Each structure stands twice: as C-alpha cells, then as structure tokens.
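A short write-up of the structure that comes next.
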C-alpha cells in the first residue's frame with residue numbers, strides 16, 4: 094500500500110520540462126490531486142501511480158480567511174462530484190467535502206450529501222477541533238478517515254498538535270483497538286511521519302520546495318534532480334505500525350500520564 098502522497102501541481106522550466114518532473118514525482122508512487130488545482134490530473138493519470146482526490150477545502154478555507162468570507166459548498170459541490178465521477182475508475186478514493194472549523198452537524202451533512210454511486214470511494218475528514226466521539230463514529234463507519242488540523246492544533250508539530258495526536262491515536266488503537274486507517278492531511282513531514290501510525294499522509298512539500306534552491310539542498314539546482322532527491326528524502330521515512338506504536342507508547346509512562354494512573358507508594 095502506498096503511504097506517501099505528493100500534492101500537485103509541480104512546474105518545470107526550459108532545462109527540466111514539467112512532464113519530466115511529473116514523471117519523477119509520481120511514477121510508481123502516490124499523487125494527491127486537489128480539486129482546487131486539477132490542471133495536471135490528465136498527465137499524472139498517464140503514469141502508473143495511486144491517485145487520491147483532495148476536495149480543495151483547505152485552499153478555499155485559506156482564501157476565505159483572507160477575504161473574511163465563509164466557504165459555501167452549495168455552489169461547488171456539483172462541480173466537485175462531476176470531477177470525481179470523471180476520474181472514479183482511476184482513483185483510489187476521494188475526500189468528502191468538509192467545512193473547516195465548521196460544526197460537526199455541518200460536516201455530517203456533507204457526508205449525507207455524497208451521491209450513492211460515489212460512496213464506495215468516499216472518505217470523510219475529521220477535524221482536530223471536533224469531538225473524539227465524532228472520530229469514533231466515523232471510524233466505525235468508514236475504512237479510512239482523514240485527519241485535518243485546525244483550531245488550536247492548526248500548526249503541525251506544535252505542542253498542542255502533538256497532545257491532540259497522542260489523544261487521537263491512544264483512543265483509536267489502545268483504548269478501542271479499532272482497525273480504521275488514518276490519513277494525515279498535510280502530514281508528510283518526515284518529522285511527523287515517524288511519530289504516529291498513519292496509514293498514509295500527503296503534502297505539497299516537493300512541489301513547493303523544488304524551486305527554492307536557496308533553502309533545501311542548495312547544492313542541487315536542477316529541478317529534475319531536486320524532485321528526485323526531495324521525493325526520496327521523504328519516502329525513506331515510514332510511520333510505525335500500529336502494534337509498534339502501541340508497544341512504544343506503553344513503555345513511555347513518563348510521557349503518557351493519560352494511560353496510567355499513578356498512586357503514592359504505601
């Protein structure tokens with residue numbers, strides 16, 4: 094099963110054409126194509142790779158925050174599902190439209206609005222500012238659940254984010270022993286991927302950093318080479334298995350007070 098899913102689009106130049114970069118990033122790997130930026134879908138689909146569709150909610154949410162306006166899925170839902178339907182036979186799954194920092198009722202409504210003929214490949218999003226109870230409910234209904242970070246946990250790798258992830262995975266795999274597969278949205282950072290038992294994760298890290306030659310791997314300036322190196326650097330890191338994470342967590346009483354009840358010595 095593919096673990097590492099890379100976002101698009103990625104752009105080349107006269108020395109490294111875009112088509113070559115697309116092949117270098119996605120061939121025999123994972124692609125996470127956003128409805129907000131679908132322009133390279135046809136080219137990506139030509140290569141042997143696993144494809145999942147992002148609903149584009151995060152991009153729209155960020156734009157809405159800047160404008161001070163809410164995201165209205167009622168105006169976009171039909172177009173999104175047309176897009177999903179067009180590529181249904183080629184994709185592994187797609188994210189159900191979600192309302193970031195919306196109410197649980199609003200997000201449950203989006204699940205109910207998924208067309209019946211698309212439901213077999215529909216994956217819900219649970220947001221970290223929502224209740225654990227909703228996460229458990231989704232985990233009992235779906236094979237996959239995607240986790241999106243917002244509210245106090247918006248900044249991945251922050252103290253608040255790590256505390257929430259501890260709570261999430263402890264409830265799922267220690268307290269409940271569930272079999273649900275978790276996809277981490279924007280969590281392909283190698284410093285994150287090795288911490289928790291994600292079944293998969295995505296990010297636009299490679300596409301964003303290929304042009305930034307002054308920051309990562311400044312000694313490599315060719316875009317094609319940078320694409321290959323950045324992809325390899327990410328994909329060499331794998332998340333722990335559920336059993337390995339549980340075993341490690343059970344051996345860390347100093348960091349997991351929520352797992353153990355300490356009493357004073359007699």
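Numbering (the working numbering), first residue to last: 94 to 359. Every residue, glycine too, gets a C-beta built ideally from N, C-alpha and C. Since we're looking at a predicted model, the values are computed, not measured.
> Which class does residue 151 belong to by DSSP, given the choice of helix, strand or coil?
Replying inline: helix
> Can you find at least 3 beta carbon pairs, one from the stretch 184 to 193 and one from the stretch 205 to 224, that sit closer than 8 Å?
Replying inline: yes
>> Can you tell me where the alpha helix (DSSP H) holding residue 239 begins and where it ends?
In response: Element bounds for residue 239: not the alpha helix (DSSP H) but the beta strand (DSSP E), 237 to 241.
>> If I measure Cβ to Cβ from residue 199 and keep anything under 6 Å in the same chain, skipping five residues before and after, which residues do I get?
In response: 192
>> For residue 274, report the span of its alpha helix (DSSP H) as first-last.
In response: Per DSSP, residue 274 belongs to no alpha helix (DSSP H); it is in the beta strand (DSSP E), 274 to 277.
>> Using CA atoms only, rank isn't needed, just tell me which of 221, 265, 237, 275 is closest to residue 254.
In response: 221
> With residue 224 and residue 197 assumed to form a contact (beta carbons below 8 Å), what rounded beta-carbon distance in angstroms separates them?
Replying inline: 7 Å
> From residue 163 to residue 242, what does the alpha carbon distance come to, in whole angstroms?
Replying inline: 18 Å
>> Can you tell me whether residue 246 is helix, strand or coil according to DSSP?
In response: helix
>> Using a Cβ distance threshold of 8 Å, determine whether the stretch 141 to 161 contacts the stretch 330 to 349, with at least three qualifying pairs required.
In response: no
>> Considering only DSSP beta bridges, list what residue 143 is partnered with.
In response: 123
> Should the stretch 323 to 337 be called in touch with the stretch 124 to 137, which here means at least 3 C-beta pairs below 8 Å?
Replying inline: no
>> Using only CA atoms, which one of 303, 246, 172 lies nearest to residue 110?
In response: 303
> In whole angstroms, what separates the C-alpha of residue 335 from that of residue 233?
Replying inline: 17 Å
>> Short of 7 Å in beta carbon distance, which residues of its chain neighbour residue 366, apart from the five on each side in sequence? Order them along the chain.
In response: Because the chain is modelled from 94 through 359, residue 366 falls outside the range shown and cannot be assessed.
> Cα separation between residue 357 and residue 344?
Replying inline: Summary for residue 357: the model assigns pLDDT 40, below 50, so the residue's position carries little reliability; its value from the coordinates is reported in the next sentence. Rounded to whole angstroms, residue 357 to residue 344 spans 20 Å at the Cα level.
> How do the stretch 262 to 270 and the stretch 295 to 315 stand: do at least 3 beta-carbon pairs fall below 8 Å, yes or no?
Replying inline: no
>> Does residue 112 come out as helix, strand or coil in the three-state DSSP assignment?
In response: helix
> For residue 279, which residues of its own chain have a beta-carbon under 6 Å away from its beta-carbon, when the five flanking residues on both sides are left out?
Replying inline: 296
>> For a quick check, are the C-beta atoms of residue 114 and residue 314 less than 8 Å apart?
In response: no
>> Does residue 207 come out as helix, strand or coil in the three-state DSSP assignment?
In response: coil
>> Taking DSSP's pairing of strands, which residues face residue 370 in a bridge?
In response: Missing from the structure shown is residue 370; the chain here goes from 94 to 359 and no further.
> So what does DSSP say about residue 96, is it helix, strand or coil?
Replying inline: coil
> Across which residues does DSSP place residue 104 in a beta bridge pair?
Replying inline: Paired residues: none, contrary to the question.
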